[in-house]
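As structure tokens, the structure follows; a few thoughts come after it.
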Amino acid sequence: MMLSSHVSYCFWLGLPAKFCTSNLPKEDIDMTLLDEDGKQHTVKCLPRKFGLSGGWGGFAKAHKLAPGDALVFQLVEATKFKVYIVRENGLAGDTPEEGNELAEVIDRNVTLPIASSRKPEDHINEEVLDRNIILPLASMRQPEDHSSEEVIDSEVLERIKFSDSINEIQDVADLESFTIIVNGLNINSEISENDRTKYYELCRSQKSYLHKHITPGLNKELIAGVIRETVDIADAIRASNLSTPKDEYKAWEKRLIGFKHLGMNVEFLLSRLDVLQKLALESEDALDYNKAMIRENHAKEELSTVEKKILELIRFEKEVQTLKIDAQRHAAFQSVVSSPW
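Quick note: the sequence shown uses my numbering, first residue 3, plus one each step.
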């Protein structure tokens with residue numbers, strides 16, 4: 003039975019653990035979903051996590067899946083599912099033939115007892131469920147028949163367990179498979195792709211989801227804001243230098259402590275911040291030294307300019323002396339020329 007998280011904003015669709023263990027490879031694979039029109043869709047299947055990942059969102063949108071719709075997955079090949087869609091208001095088939103085909107699949111794999119003949123021991127054949135994933139629709143049950151309700155409940159519980167169990171970052175193969183789930187909800191849509199990429203790297207560096215122990219029941223917008231600010235502070239720490247004001251360090255520290263109280267794993271950022279503040283304090287003399295070196299270099303440049311001026315002045319003095327002698331000779335020459343005979 004489709005939930006809002008499966009068809010609106012979640013990149014995952016949980017599968018029964020028993021089915022995955024019995025019928026699918028242990029390693030991640032590309033699985034083909036064949037719809038009733040014969041169109042094929044490729045999705046990433048993660049058997050160890052019991053779910054479908056990349057590509058599922060596209061399938062859900064392409065088929066306009068809505069909450070309350072039920073899906074029948076028939077394993078027709080080792081890595082191919084034939085998918086039948088049962089809309090909340092009836093079978094998905096547009097023609098009687100399509101509807102009959104789906105009904106035959108359900109008849110082959112699920113026994114739905116009639117109310118008048120139902121016995122307590124009637125149940126869905128477990129051996130058949132090992133090979134096909136059947137999600138019964140509420141309208142297909144008799145009023146007294148609770149067997150399919152039990153199947154649906156188990157499916158929902160399976161998915162809740164699946165969402166809550168994604169807590170080891172080592173199990174995430176790549177950024178595409180990185181889903182931020184809090185209190186069973188996927189909040190990827192609340193975070194930009196750039197921030198999600200940086201948050202993924204932070205989680206990988208600590209080998210754990212930083213929000214793993216976040217306080218339960220918090221508003222998803224608040225949690226998304228905490229994650230975004232954590233990324234911003236990490237970037238600011240990376241970009242800091244000896245001239246960064248102490249007030250900024252204090253502001254970052256105060257916000258990180260607040261996130262820590264909410265359950266975020268930001269201890270590694272606080273530790274880095276503490277080390278940087280101590281080094282910055284110890285390096286104040288080094289900063290003064292750098293400023294003094296700058297002033298010295300500036301003075302040397304000015305001195306070099308003055309020395310060049312002095313050399314130029316000496317050259318001018320020599321030139322003046324030479325010209326003075328020439329002028330005296332010229333005066334003597336003129337004196338002789340103009341002297342009386």
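C-beta: ideal position from N, C-alpha, C; glycine also.
Phe180 to Val174 span [Cα, whole Å] = 6 Å
Hey, could you find the ends of the beta strand (DSSP E) Leu224 is sitting in?
-> From DSSP, Leu224 is part of no beta strand (DSSP E) but of the alpha helix (DSSP H) over Lys222 to Ala241.
Cα separation between Tyr211 and Arg257?
-> 19 Å
Whose CA, out of Leu48, Cys22 and Lys84, lies closest to the CA of Asp39?
-> Lys84
Alpha carbon of Ser191 to alpha carbon of Asp37, nearest angstrom = 27 Å
Which residues in the same chain have their Cβ closer than 6 Å to the Cβ of His8, if we skip the five residues on either side of it in sequence?
-> Leu15
Between His43 and Phe61, is the Cβ-Cβ spacing less than 8 Å?
-> yes
Report the residue from Trp58, Thr34 and Leu48 whose alpha carbon sits nearest the alpha carbon of Glu79.
-> Thr34
Can you tell which of Leu26, Val308 and Lys66 has the C-alpha that lies nearest to the C-alpha of Phe52?
-> Leu26
In this structure, does DSSP put Gly16 in helix, strand or coil?
-> strand
Thinking C-alpha only, which one of Gln76, Lys66, Leu77 and Asn188 is nearest Ser55?
-> Asn188
When the Cα atoms are used, what is the spatial distance from Leu281 to Ser306?
-> 36 Å
Relative to the C-alpha of Arg89, which residue among Arg50, Glu29 and Met4 is closest?
-> Met4
What three-state label does DSSP hand Glu38 in the structure shown?
-> coil
Validate contact between the segment 294-312 and the segment 242-258 using beta carbons, cut 8 Å, 3 pairs = no
For Thr44, the residue or residues it bridges with in DSSP = Thr34
For Val182, which three-state DSSP category applies?
-> For clarity, residue 182 is Ile in the given sequence; the question names Val instead. In this structure, Ile182 counts as coil in the three-state DSSP scheme.
Could you say if the segment 217-225 and the segment 196-204 meet the contact criterion of at least three C-beta pairs nearer than 8 Å?
-> no
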